[in-house]
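Q:
There are 2 protein chains.
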Amino acid sequence: MKLVKVYVTLKPSVLDAQGEAIKSAIQTMDYDKVSAVHMGKYFELNFEDYPDLEKDIDAICDNLLTNPNIETYRYEILEAE
Amino acid sequence: MKLVKVYVTLKPSVLDAQGEAIKSAIQTMDYDKVSAVHMGKYFELNFEDYPDLEKDIDAICDNLLTNPNIETYRYEILEAE
Chain A
3 MKLVKVYVTL
13 KPSVLDAQGE
23 AIKSAIQTMD
33 YDKVSAVHMG
43 KYFELNFEDY
53 PDLEKDIDAI
63 CDNLLTNPNI
73 ETYRYEILEA
83 E
Chain B
3 MKLVKVYVTL
13 KPSVLDAQGE
23 AIKSAIQTMD
33 YDKVSAVHMG
43 KYFELNFEDY
53 PDLEKDIDAI
63 CDNLLTNPNI
73 ETYRYEILEA
83 E
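For the record, the sequence lines run as chains A and B.
For the first sequence, the working numbering assigns the number 3 to the initial residue and increments by one for each residue that follows.
For the second sequence, the working numbering assigns the number 3 to the initial residue and increments by one for each residue that follows.
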């Protein structure tokens, strides 16, 4: 079994309105040392192990988990028991 | 400067409806080796470094980034240039 952790973030050129709102909220809470906040999505997928897993993860990320126009992703494949 | 990466996930006892929907979608795409999907949130926060940073990150996570009734979080603090 494999555990795949996928991190999806907005491309740097795309305005991260949620991140900006969270940064303002943190500053309102008097934590003024924050200089930037970015918000993204996080997925954990459990898979049976097989040879083409990495290729299929790429396809799943491109076609389902992300919007390739505005988001990028990275992932790591770990052993799961 | 510090880069704080925060990972927010639902507690195991809470039904992850989004994760279930994504699992079904992946299976519909003929990737039948997937056995579980969990969806969460991912935040990147840039902070000036200061002694109480970790305590403040805990407070920010508890009070703003998560709903402690249904979510848990973990974070890592990295060096940023």
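Where a beta carbon is used, it is the ideal one built from N, C-alpha and C, also for glycine.
Quick caveat, the model's predicted, so the values are computed rather than measured.
1) Give the single residue among B:I28, B:A38, B:D51 whose Cα lies nearest to the Cα of L5 of chain B.
2) Does DSSP put N65 of chain B in a helix, in a strand, or in coil?
3) For I79 of chain B, which three-state DSSP category applies?
4) Could you tell me the distance, in whole angstroms, from the CA atom of A38 of chain B to the CA atom of E46 of chain B?
5) With a cut-off of 8 Å on the beta carbons, I'd call C63 of chain B and V8 of chain B a contact; round off their distance for me.
6) Could you work out which residues of chain A lie near A27 of chain B, taking near to mean beta carbons separated by less than 7 Å?
A: For this structure:
1) B:D51
2) helix
3) strand
4) 25 Å
5) 6 Å
6) L66
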